[in-house]
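Written below as structure tokens is the structure these notes are about.
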Amino acid sequence: MELTNLRNNSALMGEINRIAEVAGYLWTNGWAERNGGNISVNLTDLMSEEEKQLPAICAPIQLGEVMPAVAGHFFYVTGTGKRMRYVAQDPFDNGSIIRIAEDGKSYEIIAMQPIAPTSELPSHLLMHNYVRSQGRDNRVVLHTHPTNIIALSHCKPFLNSNHITRVLWSMIPECRIIVPKGIGIVPYEIPGSMDLARATVKQLEEHDVVLWEKHGILAVGEDLIECFDAIDTLAKSADIYLNARMAGFEPEGMTDKQLDDLVPVFNLPVK
Ligand code: 2HA
Ligand code: ZN
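Per the numbering used here, residue 912 is the first one in the sequence shown, and the count goes up by one each step.
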């Protein structure tokens, strides 16, 4: 019998190509120095039953927490220490596909090479598990280091969720429309730690985008391009705000009324 070749699955490869595309945007935007950032995407719905039976290419690795909402699920995950600029060129040389065990306690790598997943994998899976357990069809966790958003996180007033959300929304109408739940804040924690993961999960109760103080940003959602767009739009607002400040003036920002007028027109949640 011929071995299943995932490269023949055009839906799956389309999604992997989108991951490579977004990895390229992270790098060209200057948000992915060295191995900064990581991406995980749930591929379960794109794989056939035969593909799901592919043998593991490594021994099972314990997760340390039970993840019932993603038990039996499959993810593409960028590799630990791998650079986004190389994920963009060859996603399977710089990441792998993993299968979460049916008991939700461990995972194994099934393709293409035994590339160890990002150090943030336990925290990504905790987030996938949490958002799915809320009944949302979450498929993506995207983490990156947008320079000007991180710059704002070095200034105490911007570590208030309402304040940073209001300022960034008010720079351009698109920001209110594209990031309607605003931005959650997690005070500084060690990268890759479960404390950071748990604090982020708490913020995901009300937000789809979370700023990590002096570190970076994280977005969850159903679609990788939309997660990127949310971060890109926030980054654009941060750029406008800081450009105005560097030019020596405080940007006026849209008024409350101008922001509120967008709500019924674009059917946005009231905040
Ligand atoms: O993967 O960005 O937060 C490198 C990081 C860790
Ligand atoms: Zn990071």
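A virtual CB, placed ideally from N, CA and C, is assigned to each residue, including glycine.
Where residue i and residue j are concerned, what is the direct C-alpha to C-alpha distance, given to the nearest angstrom?
i: H1035; j: S1064; result: 22 Å
i: C969; j: E1100; result: 31 Å
i: A1027; j: N1005; result: 9 Å
i: V1176; j: H1118; result: 21 Å
i: P1033; j: R1109; result: 10 Å
i: I927; j: P1102; result: 25 Å
i: W938; j: N949; result: 12 Å
i: I930; j: R1043; result: 21 Å
i: K1092; j: G935; result: 27 Å
i: S921; j: T955; result: 14 Å
i: S1030; j: M1105; result: 11 Å
i: E1161; j: E961; result: 59 Å
i: T1076; j: K1125; result: 17 Å
i: M912; j: L965; result: Only weak support is given to the placement of M912: the predicted model assigns it a pLDDT of 41, under 50, and the value that follows is read from those uncertain coordinates. Answer to the nearest angstrom: the Cα atoms are 13 Å apart.
i: N1178; j: M1023; result: 43 Å
i: G990; j: Y997; result: 11 Å
i: D1171; j: N919; result: 48 Å
i: W1123; j: I1096; result: 6 Å
i: A1062; j: K1168; result: 28 Å
i: I1094; j: T915; result: 42 Å
i: L917; j: V988; result: 16 Å
i: G992; j: L957; result: 27 Å
Under 8 Å, do residue i and residue j count as touching if we go by C-beta distance?
i: E1013; j: A967; result: no
i: F985; j: K963; result: yes
i: C1138; j: L1070; result: no
i: I1083; j: S1007; result: no
i: M978; j: N1040; result: yes
i: V1090; j: V1120; result: yes
i: L1133; j: H1056; result: Before going on, a small fix: residue 1133 reads as Glu here, not Leu. Taking 8 Å as the Cβ cut-off, E1133 and H1056 do not qualify as a contacting pair.
i: N946; j: R994; result: yes
i: N1049; j: V1131; result: yes
For residue i, which residues in the same chain have their Cβ closer than 7 Å to its Cβ, ignoring the five residues on either side in sequence?
i: T1166; result: none
i: S1017; result: P971, I972, Q973, L974
i: N1059; result: A1146, A1149, D1150, L1153
i: V1181; result: V1174
Just curious, the alpha helix (DSSP H) that residue i is in, first and last residue?
i: H1074; result: 1072 to 1080
i: N1040; result: 1032 to 1044
i: Y1152; result: 1135 to 1157
Using CA atoms only, rank isn't needed, just tell me which of the options is closest to residue i.
i: G925; options: Q1169, D1172, G1164, L1135; result: L1135
i: I1011; options: L1179, P1068, R996, V952; result: V952
i: L1079; options: G1046, G1164, A999, G1127; result: G1164
i: L1173; options: R1087, N916, N1049, A1130; result: R1087
i: A1141; options: K1168, V1051, P1002; result: V1051
i: Q1045; options: A1158, G992, D1143, E1116; result: E1116
i: D1143; options: R1156, A1155, M1157, I1128; result: I1128
For residue i, report the span of its beta strand (DSSP E) as first-last.
i: A1022; result: 1017 to 1022
i: L1129; result: 1127 to 1132
i: L1115; result: Run containing L1115: none; DSSP gives neither H nor E here.
i: S951; result: 949 to 953
For residue i, I'd like the list of residues in its chain whose CB is within less than 6 Å of its CB, leaving aside the five on either flank, ordered along the chain.
i: S1081; result: G1164, M1165
i: V933; result: L1135, F1139
For residue i, which residues of its own chain have a beta-carbon under 8 Å away from its beta-carbon, when the five flanking residues on both sides are left out?
i: V981; result: N953, I1011, G1015, L1036, H1039, N1040, R1043
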